[in-house]
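If you count by the working numbering, then the sequence shown holds residues 200 to 441, one letter each, in order. Ideal placement from N, C-alpha and C gives every residue a C-beta, glycine not left out. The structure appears below as structure tokens.
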Amino acid sequence: MNKDKLIANKLKKNGYVLIKNFLTETSEFKDFKYFLLSFLNLALNKKCKNFNQMNKFLSEKFKKNAKISSFLNDNINLSPPLQRLLVSKKIITLLTTILNTNKESIILNNQRFRIQIPGNDKISNLPWHQDCHYNSIKRTKSIVVWISLGEITKKMGPIIFKNSSHKFGEQKKIKIKKENGGNAFLVNVCNPRLKNLQEVDFETSFGDLILIDMNTVHTSGNNLTLDKIKYSAQARFHVVKK
Numbered sequence: 200m201n202k203d204k205l206i207a208n209k210l211k212k213n214g215y216v217l218i219k220n221f222l223t224e225t226s227e228f229k230d231f232k233y234f235l236l237s238f239l240n241l242a243l244n245k246k247c248k249n250f251n252q253m254n255k256f257l258s259e260k261f262k263k264n265a266k267i268s269s270f271l272n273d274n275i276n277l278s279p280p281l282q283r284l285l286v287s288k289k290i291i292t293l294l295t296t297i298l299n300t301n302k303e304s305i306i307l308n309n310q311r312f313r314i315q316i317p318g319n320d321k322i323s324n325l326p327w328h329q330d331c332h333y334n335s336i337k338r339t340k341s342i343v344v345w346i347s348l349g350e351i352t353k354k355m356g357p358i359i360f361k362n363s364s365h366k367f368g369e370q371k372k373i374k375i376k377k378e379n380g381g382n383a384f385l386v387n388v389c390n391p392r393l394k395n396l397q398e399v400d401f402e403t404s405f406g407d408l409i410l411i412d413m414n415t416v417h418t419s420g421n422n423l424t425l426d427k428i429k430y431s432a433q434a435r436f437h438v439v440k441k
């Protein structure tokens, strides 16, 4: 069995699969990593040489002006390097196996960059949810691709998955208001089907990739550090309806 088939089998079994260093050596990832630090330096009028320096400065900046988080998210989400990363050849080639289709039939939506700064979890994090509740493209094969754009340790709050929760299908969604006025959907993980499922999370590094089933129940972990920022990107991929 080839590597892509093994990945597909793990995804089917658990509802998620971590692929270490999947994008690390690709030109699209290297270009985005360079762009991200350059953009942050430009936007913040700094000359940080690496992400450790930038994270410390940005964490202090956020304490004085919390709006800096949404400003950076909004602008980086519009950047061409992000779009090129999300449609990199290596991702699309993998998805042809996962979705059992050809590359011409693959479309995507919900392309998102996320910067999660310590002290902003109540706004930047999502509660226990399923991506299917946010999905506008129904009745087709779909998958979430999540990319780690930096080091995310246990203390920084990686994604937490309810193991094999996708096997119970779409759950009842509960609409809630977040502190910034935005809406989010919540899944009740205390219901009999979900409450005893194992909770799993992973530490990730630059270029790691996680595939997530649209029905997998998961949540954002809390960042318990003082100056370590979580950078990530994601998109939902679908097979064109016929």
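- Task: Look up ALA265 in the DSSP assignment and say whether it is helix, strand or coil.
- Result: coil
- Euclidean distance between Cα positions of LYS374 and TRP327: 12 Å
- Query: What residue range is occupied by the uninterrupted alpha helix (DSSP H) comprising ASP400?
  - Reply: Careful: ASP400 lies outside any alpha helix (DSSP H), inside the beta strand (DSSP E) at 398-400.
- Task: Check the DSSP bridge columns for HIS328 and list the partner residues they point to.
- Result: HIS417
- Hey, how far is the Cα of VAL438 from the Cα of ASP273? Their backbone Cα atoms lie some 27 Å apart in a straight line.
- Roughly how many angstroms separate the alpha carbons of ASP230 and LYS302, rounded to a whole number? 23 Å
- Message: I'd like the list of long-range same chain contacts for SER304, defined as Cβ closer than 6 Å, with 5 residues on each side in sequence excluded.
- Response: VAL438 and VAL439
- Query: Using a Cβ-Cβ cut-off of 8 Å (strictly less than) and excluding sequence neighbours within five positions of CYS389, which residues of its own chain qualify?
  - Reply: none
- Output the distance between the C-alpha atoms of LEU257 and TYR430, rounded to the nearest integer angstrom. Roughly 13 Å separates the two Cα atoms.
- Query: Given that a residue counts as buried once 16 or more other Cβ atoms are within 10 Å of its Cβ, and exposed if not, what is GLN315?
  - Reply: buried
- Query: First and last residue of the beta strand (DSSP E) that includes ILE322?
  - Reply: Counting along the chain, ILE322 falls outside any beta strand (DSSP E), though it belongs to the alpha helix (DSSP H) covering 320-323.
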